[in-house]
Each structure stands twice: as C-alpha cells, then as structure tokens.
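Position 161, counted from 1, in the sequence shown is what my numbering calls 160; the numbers after and before it change by one each time, with no gaps. A quick write-up on the structure given underneath.
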Amino acid sequence: MQSCLCQFQDANSETEKRRIADDMTTETEQKEISDDSFLKGKQSHARKKLNVRMQLIALKLFRILIDAVPNASDVVSTSRIMLFFKYMKLNMNITIDESISIVVLLQRFVSKQTEKSIQILSSRNIGTMLVVLAIVAIKANRDYTYKNRHFAKEFGIPLAVLNESENAFMKIMDNTLFIDESEFSHLQNEIFKI
0 MQSCLCQFQD ANSETEKRRI ADDMTTETEQ KEISDDSFLK GKQSHARKKL NVRMQLIALK
60 LFRILIDAVP NASDVVSTSR IMLFFKYMKL NMNITIDESI SIVVLLQRFV SKQTEKSIQI
120 LSSRNIGTML VVLAIVAIKA NRDYTYKNRH FAKEFGIPLA VLNESENAFM KIMDNTLFID
180 ESEFSHLQNE IFKI
C-alpha cells in the first residue's frame with residue numbers, strides 16, 4: 000500500500016495516476032472481499048438473536064398451554080416447543096412473525112374454547128395442535144404454502160386427522176384468522192420485552 004502511495008505521488012500523467020488509484024482500490028476491495036470474518040460475526044450474532052427470540056416465543060406458548068390444559072406439563076416443555084420451532088425453521092423456514100402468529104392464534108383459540116364452554120385442547124392433542132397452529136399461521140402469512148399432505152408426512156400424523164383437526168380449529172375460531180397490527184405489536188413487545 001505504501002509503495003502504491005509513493006508511486007501515485009511520483010506519477011506524472013493523469014492516466015498513470017488513475018491506473019495506480021485503480022490498482023489500490025482493487026487491492027483494498029480484494030482484501031475486504033477475502034476477509035469475511037466481519038460477515039461471519041454478523042451472521043453468528045443474527046443466529047443467536049433469532050435463537051433467543053424463538054426461546055422467548057416457546058416460553059410464551061408453554062405458559063399459555065400450562066394455564067389452559069390440565070396436565071400439559073406432562074407432555075410439553077419449553078425445550079420441546081423450541082425443538083419444534085427449530086425443526087420448522089430448518090424444514091419450512093418459519094419466520095419470527097409466523098411464530099408470533101402461532102401465539103396469537105393459540106391465545107384466541109383458548110379464549111374461544113372458554114367463550115363456547117368447550118374443551119378441545121387436551122394433553123393428548125397438544126402436538127397436533129402445534130402443527131395445526133403452524134399450518135394456519137403459515138397459510139395466513141404466505142402466498143405459497145405447503146399442502147397438508149406435506150405436514151402430515153413430516154410429523155407422522157394421518158392426513159385425515161390433520162385435515163379434521165384444522166377444520167375443527169377453524170370452526171372454533173369462527174373462520175377468523177386476521178391479526179390486527181396493534182395486537183401483533185403488543186404481543187411482540189410483551190414477548191421480547193421491547
């Protein structure tokens with residue numbers, strides 16, 4: 000670099016100065032491109048941040064389930080919900096927004112059960128309910144989604160059971176999935192303590 004600066008100062012013609020400047024820029028750019036440690040550090044930080052957010056969402060879901068379902072702690076834990084989210088992230092690229100939508104929809108479902116004096120959600124169907132919540136959240140947030148057949152295969156749930164569960168969920172929810180922006184933001188702030 001030092002020799003390039005000396006060459007630049009000693010250069011007589013504008014053409015020669017431009018050539019030396021281009022060489023210096025190229026060297027600097029090449030060093031920046033080949034040194035991706037900055038990028039790796041940013042990616043690592045982003046993964047850690049995503050992991051913490053998923054843990055907080057899993058904890059929120061766990062608390063809702065514990066409050067709403069007798070004996071839920073016998074079959075579900077924050078770590079199991081976290082594994083579910085990791086699987087969904089890896090295989091279906093579930094987003095933070097879709098994950099928050101799952102929480103909103105579960106809260107609504109629990110409220111609707113109480114309002115209608117029915118108890119559909121039990122310790123026996125929590126796993127299926129999480130899959131249904133994910134399906135519905137993904138369908139509500141994406142233009143292109145996986146078919147229920149794909150989810151049934153991925154989670155080892157008979158397709159007929161999954162379809163029936165989704166239909167029952169939608170019926171209890173009165174076929175309403177719209178999440179108001181203020182409701183979403185409020186829950187997001189509550190979960191992440193923003």
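Even glycine gets a Cβ: it sits at the ideal position worked out from N, Cα and C.
CA-to-CA distance, residue j to residue i, given in whole angstroms
i, j, result
"K88", "Q112", "29 angstroms"
"M81", "V75", "10 angstroms"
"F142", "Y86", "It is Asp, not Phe, that sits at residue 142 in the sequence shown. Each residue's Cα considered, the two are about 21 angstroms apart."
"R107", "M172", "7 angstroms"
"C3", "K47", "Unreliable placement is indicated for C3, whose pLDDT of 49 sits below 50; the coordinate value is still reported in the next sentence. Spanning the two alpha carbons is a distance of roughly 41 angstroms."
"I99", "L186", "8 angstroms"
"A71", "S121", "7 angstroms"
"I95", "A167", "25 angstroms"
"Q54", "K115", "31 angstroms"
"T127", "I119", "12 angstroms"
"R148", "S184", "32 angstroms"
"E153", "I137", "15 angstroms"
"N90", "L104", "22 angstroms"
Minimum C-alpha distance to residue i - residue among the options
i, options, result
"S214", "Q106, L132 and L104", "The question about residue 214 has no answer, for the chain in this structure spans 0 to 193."
"V135", "N90, L176, I63 and T77", "L176"
"P51", "R123, I137, N124 and S78", "With the sequence shown as reference, residue 51 is identified as Val, and Pro is not the correct amino acid for it. Ranking R123, I137, N124 and S78 by Cα distance to V51 puts S78 first."
"A139", "N124, I178 and I190", "I178"
"K170", "I117, R62 and V103", "I117"
"F191", "V102, S110 and K152", "V102"
"N124", "D73, L58 and K59", "D73"
Residue range of the unbroken alpha helix (DSSP H) whose run includes residue i
i, result
"M87", "T77 to M91"
"F177", "No alpha helix (DSSP H) holds F177; DSSP gives it neither H nor E."
"I134", "I125 to N140"
"N70", "Run containing N70: none; DSSP gives neither H nor E here."
**Asked** For the segment 64 to 73 against the segment 151 to 168, are there 3 or more C-beta pairs whose distance is under 8 angstroms?
**Response** no
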